[in-house]
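Here's the structure we're looking at; comments come further down.
Number of protein chains: 2
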Amino acid sequence: MTQSTYTVTGMTCGHCVSSVTEEVQEIRGVSEVAVDLPTGVVTITSAEALDDDAVRAAVEEAGYQLA
Amino acid sequence: MTQSTYTVTGMTCGHCVSSVTEEVQEIRGVSEVAVDLPTGVVTITSAEALDDDAVRAAVEEAGYQLA
Numbered sequence: 001m002t003q004s005t006y007t008v009t010g011m012t013c014g015h016c017v018s019s020v021t022e023e024v025q026e027i028r029g030v031s032e033v034a035v036d037l038p039t040g041v042v043t044i045t046s047a048e049a050l051d052d053d054a055v056r057a058a059v060e061e062a063g064y065q066l067a
Numbered sequence: 101m102t103q104s105t106y107t108v109t110g111m112t113c114g115h116c117v118s119s120v121t122e123e124v125q126e127i128r129g130v131s132e133v134a135v136d137l138p139t140g141v142v143t144i145t146s147a148e149a150l151d152d153d154a155v156r157a158a159v160e161e162a163g164y165q166l167a
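For the record, the sequence lines run as chains A and B.
Those letters in the first sequence? Residues 1 to 67, by our numbering.
Those letters in the second sequence? Residues 101 to 167, by our numbering.
Right, dumping it as structure tokens:
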């Protein structure tokens with residue numbers, strides 16, 4: 001298991017957190033996603049190291065940006 | 101047709117706007133709901149005058165408050 005953290009900008013409420021969480025959870029190998037709304041920090045637990053481009057794509061699909 | 105305006109507090113993003121819009125649209129007689137996110141002003145078009153309590157209940161169901 002690997003934990004990675006990313007910072008996402010533009011999330012303002014719980015709906016935003018849900019959108020990002022749902023998209024990131026769809027990345028292959030991801031088992032857990034934790035989002036801290038005030039800081040924008042997203043902590044992702046995955047079976048193997050994540051591809052940053054996959055995370056960026058998921059975050060952008062949700063409508064937000066990596067910092 | 102009647103137009104009524106209410107001010108809703110706590111909306112921060114498009115998801116919030118969608119939640120409020122969906123709940124208010126369920127009120128009997130409502131034909132159109134327009135939300136201005138920056139100001140929180142919700143303009144409701146309805147067949148007859150609205151019951152303020154019904155609007156308040158819909159907004160609270162969405163997770164927000166009337167100002």
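Ideal Cβ placement from N, Cα and C applies to all residues, glycine included.
Assigned secondary structure, residue i (DSSP; H/G/I helix, E/B strand, else coil)
| i | result |
| --- | --- |
| B:A149 | coil |
| B:T139 | coil |
For residue i, the nearest candidate out of the options (CA to CA)
| i | options | result |
| --- | --- | --- |
| A:R28 | A:A58, A:S18, A:V42, A:V8 | A:A58 |
| A:T5 | A:E26, A:E60, A:G63, A:S46 | A:S46 |
| A:V30 | A:D52, A:L66, A:T9 | A:D52 |
| B:E122 | B:Q103, B:T109, B:V142 | B:V142 |
| B:M190 | B:E148, B:T139, B:T102, B:V124 | The structure shown does not extend to residue 190 of chain B, since chain B is modelled only from 101 through 167, so no value can be given for it. |
| A:V55 | A:H15, A:E26, A:C16 | A:E26 |
| B:Q103 | B:S118, B:C116, B:I144 | B:I144 |
Unbroken alpha helix (DSSP H) run spanning residue i, endpoints
| i | result |
| --- | --- |
| A:E32 | Per DSSP, A:E32 belongs to no alpha helix (DSSP H); it is in the beta strand (DSSP E), 30-36. |
| A:T21 | 14-25 |
Bounding residues of the beta strand (DSSP E) (the contiguous stretch that carries residue i)
| i | result |
| --- | --- |
| B:Y164 | Careful: B:Y164 lies outside any beta strand (DSSP E) and carries neither H nor E. |
Exposure label - residue i; buried when at least 16 CB within 10 Å
| i | result |
| --- | --- |
| B:A134 | exposed |
| A:A62 | buried |
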